[in-house]
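Comments concern the structure below.
Residue numbers (the working numbering): 320 to 547.
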(Lines of atoms letter the chains of each structure in order from A and count residues from 1; the text may use other names and numbers.)
(Lines give C-alpha, C1' and ligand atoms only; values in the text may rest on other atoms or scores of the structure.)
Protein backbone atom coordinates (compact mmCIF):
# COMPACT_ATOMS: atom_id res chain seq x y z
CA UNK A 1 0.00 0.00 0.00
CA UNK A 2 1.34 3.46 -0.86
CA UNK A 3 2.17 5.79 2.01
CA UNK A 4 -0.06 8.84 1.59
CA UNK A 5 -0.40 11.62 4.16
CA UNK A 6 -3.76 12.53 5.70
CA UNK A 7 -3.60 15.94 4.00
CA UNK A 8 -3.02 14.39 0.57
CA UNK A 9 -5.74 11.82 1.25
CA UNK A 10 -8.08 14.70 1.99
CA UNK A 11 -7.40 16.25 -1.41
CA UNK A 12 -7.83 12.89 -3.16
CA UNK A 13 -11.16 12.21 -1.43
CA UNK A 14 -12.56 15.68 -2.14
CA UNK A 15 -11.38 15.60 -5.74
CA UNK A 16 -13.71 12.64 -6.10
CA UNK A 17 -16.56 14.39 -4.32
CA UNK A 18 -16.34 17.67 -6.20
CA UNK A 19 -16.01 16.12 -9.66
CA UNK A 20 -19.04 13.92 -8.96
CA UNK A 21 -20.95 16.90 -7.59
CA UNK A 22 -20.40 18.85 -10.79
CA UNK A 23 -21.21 15.86 -12.98
CA UNK A 24 -24.45 14.97 -11.19
CA UNK A 25 -25.66 18.55 -10.73
CA UNK A 26 -25.16 19.35 -14.42
CA UNK A 27 -27.21 16.31 -15.34
CA UNK A 28 -29.92 17.38 -12.90
CA UNK A 29 -29.68 20.93 -14.24
CA UNK A 30 -30.52 19.62 -17.72
CA UNK A 31 -33.65 17.98 -16.34
CA UNK A 32 -34.56 21.02 -14.25
CA UNK A 33 -34.11 23.37 -17.19
CA UNK A 34 -36.56 21.30 -19.24
CA UNK A 35 -39.10 21.38 -16.41
CA UNK A 36 -38.78 25.15 -16.02
CA UNK A 37 -40.04 25.57 -19.57
CA UNK A 38 -43.45 24.38 -18.33
CA UNK A 39 -43.06 25.45 -14.70
CA UNK A 40 -40.84 28.55 -14.29
CA UNK A 41 -41.02 28.23 -10.50
CA UNK A 42 -39.41 24.79 -10.50
CA UNK A 43 -36.03 26.31 -9.67
CA UNK A 44 -37.35 26.81 -6.12
CA UNK A 45 -38.01 23.08 -5.83
CA UNK A 46 -34.57 22.42 -7.33
CA UNK A 47 -32.90 24.53 -4.64
CA UNK A 48 -34.94 22.83 -1.92
CA UNK A 49 -33.99 19.38 -3.26
CA UNK A 50 -30.29 20.22 -3.12
CA UNK A 51 -30.72 22.10 0.19
CA UNK A 52 -29.04 25.21 -1.20
CA UNK A 53 -30.18 28.81 -0.58
CA UNK A 54 -32.65 30.20 -3.08
CA UNK A 55 -30.86 33.46 -3.83
CA UNK A 56 -32.38 33.81 -7.30
CA UNK A 57 -34.96 36.31 -8.50
CA UNK A 58 -36.44 34.23 -11.31
CA UNK A 59 -35.98 31.12 -13.42
CA UNK A 60 -33.88 33.11 -15.89
CA UNK A 61 -31.71 34.43 -13.07
CA UNK A 62 -31.27 30.89 -11.76
CA UNK A 63 -30.30 29.38 -15.11
CA UNK A 64 -27.38 31.81 -15.40
CA UNK A 65 -26.19 32.43 -11.85
CA UNK A 66 -26.45 28.83 -10.67
CA UNK A 67 -24.02 27.88 -13.41
CA UNK A 68 -21.66 30.86 -13.65
CA UNK A 69 -21.68 32.89 -10.39
CA UNK A 70 -18.18 32.44 -8.95
CA UNK A 71 -19.18 34.33 -5.79
CA UNK A 72 -21.80 31.69 -4.96
CA UNK A 73 -20.23 28.64 -3.23
CA UNK A 74 -23.12 26.45 -4.42
CA UNK A 75 -22.79 27.30 -8.12
CA UNK A 76 -21.56 24.78 -10.66
CA UNK A 77 -18.51 26.89 -11.56
CA UNK A 78 -17.52 27.23 -7.89
CA UNK A 79 -17.66 23.47 -7.34
CA UNK A 80 -15.73 22.82 -10.54
CA UNK A 81 -13.05 25.24 -9.35
CA UNK A 82 -12.93 23.43 -5.99
CA UNK A 83 -12.29 20.22 -7.91
CA UNK A 84 -9.61 21.92 -9.98
CA UNK A 85 -7.90 23.33 -6.87
CA UNK A 86 -7.66 19.84 -5.40
CA UNK A 87 -6.39 18.47 -8.71
CA UNK A 88 -3.64 21.12 -8.83
CA UNK A 89 -2.41 20.07 -5.39
CA UNK A 90 -2.28 16.47 -6.69
CA UNK A 91 -0.75 17.31 -10.08
CA UNK A 92 2.36 15.18 -9.50
CA UNK A 93 0.20 12.15 -8.70
CA UNK A 94 -2.31 12.79 -11.48
CA UNK A 95 0.07 13.62 -14.29
CA UNK A 96 -0.10 16.28 -17.01
CA UNK A 97 -2.55 14.54 -19.36
CA UNK A 98 -5.03 13.70 -16.61
CA UNK A 99 -4.90 17.22 -15.18
CA UNK A 100 -5.39 18.72 -18.64
CA UNK A 101 -8.96 17.40 -18.82
CA UNK A 102 -9.84 19.21 -15.61
CA UNK A 103 -8.37 22.41 -17.08
CA UNK A 104 -10.41 21.86 -20.25
CA UNK A 105 -13.59 21.42 -18.18
CA UNK A 106 -13.01 24.68 -16.30
CA UNK A 107 -12.17 26.63 -19.47
CA UNK A 108 -15.16 25.16 -21.31
CA UNK A 109 -17.55 26.17 -18.55
CA UNK A 110 -16.17 29.70 -18.27
CA UNK A 111 -16.23 30.21 -22.03
CA UNK A 112 -19.84 29.03 -22.28
CA UNK A 113 -21.17 32.02 -20.33
CA UNK A 114 -23.48 33.94 -22.63
CA UNK A 115 -23.39 31.18 -25.23
CA UNK A 116 -26.45 30.60 -27.40
CA UNK A 117 -25.79 26.85 -27.14
CA UNK A 118 -25.10 26.65 -23.42
CA UNK A 119 -26.57 23.16 -23.03
CA UNK A 120 -24.23 21.82 -25.70
CA UNK A 121 -21.32 23.51 -23.93
CA UNK A 122 -22.34 21.96 -20.60
CA UNK A 123 -22.42 18.54 -22.24
CA UNK A 124 -18.80 19.13 -23.25
CA UNK A 125 -17.97 19.82 -19.60
CA UNK A 126 -19.46 16.43 -18.72
CA UNK A 127 -17.40 14.82 -21.48
CA UNK A 128 -14.19 16.33 -20.09
CA UNK A 129 -15.02 15.09 -16.59
CA UNK A 130 -15.62 11.59 -17.97
CA UNK A 131 -12.27 11.80 -19.79
CA UNK A 132 -10.63 12.94 -16.54
CA UNK A 133 -12.00 9.92 -14.69
CA UNK A 134 -10.93 7.62 -17.53
CA UNK A 135 -7.36 8.96 -17.36
CA UNK A 136 -7.30 8.31 -13.62
CA UNK A 137 -8.13 4.66 -14.30
CA UNK A 138 -5.65 4.36 -17.17
CA UNK A 139 -2.64 6.33 -15.98
CA UNK A 140 -2.54 6.25 -12.18
CA UNK A 141 -0.79 3.13 -10.93
CA UNK A 142 -1.77 3.58 -7.27
CA UNK A 143 -4.88 1.55 -6.47
CA UNK A 144 -5.18 3.57 -3.27
CA UNK A 145 -5.46 6.89 -5.10
CA UNK A 146 -7.92 5.47 -7.65
CA UNK A 147 -10.03 3.89 -4.92
CA UNK A 148 -10.20 6.95 -2.66
CA UNK A 149 -11.24 9.15 -5.59
CA UNK A 150 -14.01 6.65 -6.32
CA UNK A 151 -15.00 6.55 -2.65
CA UNK A 152 -15.43 10.32 -2.80
CA UNK A 153 -17.49 9.97 -5.96
CA UNK A 154 -19.73 7.25 -4.54
CA UNK A 155 -20.31 9.12 -1.25
CA UNK A 156 -21.22 12.28 -3.16
CA UNK A 157 -23.50 10.52 -5.63
CA UNK A 158 -25.31 8.69 -2.86
CA UNK A 159 -25.65 11.90 -0.85
CA UNK A 160 -27.09 13.80 -3.82
CA UNK A 161 -29.45 10.98 -4.77
CA UNK A 162 -30.77 10.99 -1.21
CA UNK A 163 -31.27 14.76 -1.31
CA UNK A 164 -33.19 14.28 -4.55
CA UNK A 165 -35.45 11.72 -2.83
CA UNK A 166 -34.60 8.93 -5.25
CA UNK A 167 -36.10 5.51 -4.57
CA UNK A 168 -34.52 2.29 -3.28
CA UNK A 169 -33.77 0.94 -6.75
CA UNK A 170 -31.72 4.01 -7.70
CA UNK A 171 -29.83 4.03 -4.39
CA UNK A 172 -28.77 0.40 -4.14
CA UNK A 173 -26.14 0.46 -6.92
CA UNK A 174 -24.15 3.50 -5.68
CA UNK A 175 -24.36 2.14 -2.13
CA UNK A 176 -22.88 -1.24 -3.08
CA UNK A 177 -20.20 0.44 -5.20
CA UNK A 178 -19.24 2.54 -2.17
CA UNK A 179 -19.09 -0.47 0.15
CA UNK A 180 -16.90 -2.40 -2.29
CA UNK A 181 -14.36 0.43 -2.33
CA UNK A 182 -14.46 1.00 1.43
CA UNK A 183 -13.65 -2.66 2.06
CA UNK A 184 -10.28 -2.21 0.38
CA UNK A 185 -9.19 -0.46 3.58
CA UNK A 186 -7.59 2.62 2.06
CA UNK A 187 -9.50 5.18 4.12
CA UNK A 188 -10.93 5.19 7.64
CA UNK A 189 -14.70 5.02 7.83
CA UNK A 190 -17.52 4.48 10.30
CA UNK A 191 -18.72 0.91 9.87
CA UNK A 192 -21.82 1.55 12.00
CA UNK A 193 -22.83 4.42 9.69
CA UNK A 194 -22.35 2.18 6.64
CA UNK A 195 -24.44 -0.59 8.21
CA UNK A 196 -27.19 1.87 9.16
CA UNK A 197 -27.29 3.39 5.69
CA UNK A 198 -27.38 -0.10 4.20
CA UNK A 199 -30.48 -0.90 6.24
CA UNK A 200 -32.13 2.32 5.04
CA UNK A 201 -31.28 1.75 1.38
CA UNK A 202 -32.16 -1.96 1.19
CA UNK A 203 -35.25 -1.89 3.40
CA UNK A 204 -38.70 -2.01 1.84
CA UNK A 205 -39.84 0.64 4.32
CA UNK A 206 -40.24 4.31 3.44
CA UNK A 207 -36.89 6.09 3.46
CA UNK A 208 -36.16 8.65 6.16
CA UNK A 209 -34.21 10.90 3.80
CA UNK A 210 -33.03 13.36 6.44
CA UNK A 211 -31.56 10.55 8.53
CA UNK A 212 -30.06 8.95 5.42
CA UNK A 213 -28.35 12.18 4.27
CA UNK A 214 -26.88 12.75 7.73
CA UNK A 215 -25.69 9.14 7.87
CA UNK A 216 -24.04 9.38 4.45
CA UNK A 217 -22.09 12.42 5.64
CA UNK A 218 -20.93 10.53 8.75
CA UNK A 219 -19.43 7.57 6.88
CA UNK A 220 -15.99 9.09 6.30
CA UNK A 221 -14.04 10.09 9.40
CA UNK A 222 -13.91 13.75 10.42
CA UNK A 223 -10.16 14.04 9.81
CA UNK A 224 -10.86 14.00 6.09
CA UNK A 225 -12.77 17.26 6.42
CA UNK A 226 -12.84 19.59 3.44
CA UNK A 227 -9.87 21.99 3.29
CA UNK A 228 -10.51 23.24 -0.26
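Note that the Cβ used here is the ideal one computed from N, Cα and C, for glycine as well. Just so we're clear, the structure is a prediction, and the values are computed from it rather than from any experiment.
Start-to-end residues for the alpha helix (DSSP H) that takes in residue i
i	result
residue 465	462-482
residue 494	487-501
residue 412	410-413
residue 327	325-357
residue 443	437-458
residue 366	361-368
residue 379	378-387
One or two residues paired with residue i in a DSSP bridge
i	result
residue 508	539
Burial state of residue i, where buried means 16 or more other Cβ atoms lie within 10 Å
i	result
residue 351	buried
residue 392	exposed
residue 421	buried
residue 465	buried
residue 458	exposed
residue 325	exposed
residue 349	exposed
residue 377	exposed
residue 467	buried
residue 500	buried
residue 355	buried
residue 398	buried
residue 463	buried
residue 412	buried
residue 417	buried
residue 396	buried
Residues near residue i by beta carbon distance below 8 Å, same chain, minus five either side
i	result
residue 394	384, 385, 386, 387 and 388
residue 487	520, 521, 522, 523 and 526
Same chain, Cβ closer than 7 Å to residue i, five either side skipped, listed in chain order
i	result
residue 444	345, 424, 427 and 428
residue 491	520 and 521
residue 542	325
residue 308	Past the edges of the chain, shown from 320 to 547, lies residue 308, and the structure says nothing about it.
Close beta carbons around residue i, own chain, < 6 Å, minus the five adjacent residues each side
i	result
residue 483	368
residue 330	405, 408 and 409
residue 431	437 and 440
residue 507	540
Min CB distance residue i to chain B below 8 Å
i	result
residue 509	The chain inventory of the structure shown lacks chain B, comprising one protein chain alone.
Below 8 Å, how does it come out for the stretch 472-492 and the stretch 332-347: are there three or more Cβ pairs, yes or no?
Counting C-beta pairs with one atom in each stretch, the stretch 472-492 and the stretch 332-347 have three or more that are closer than 8 Å, which means they touch.
Determine contact between the stretch 475-484 and the stretch 362-378, defined as no fewer than three beta-carbon pairs at a distance below 8 Å.
Touching, yes, given that three or more Cβ pairs across the two stretches are closer than 8 Å.
If we count Cβ pairs, one from each stretch, closer than 8 Å, do we get three or more for the stretch 487-502 versus the stretch 438-457?
The stretch 487-502 is not in contact with the stretch 438-457.
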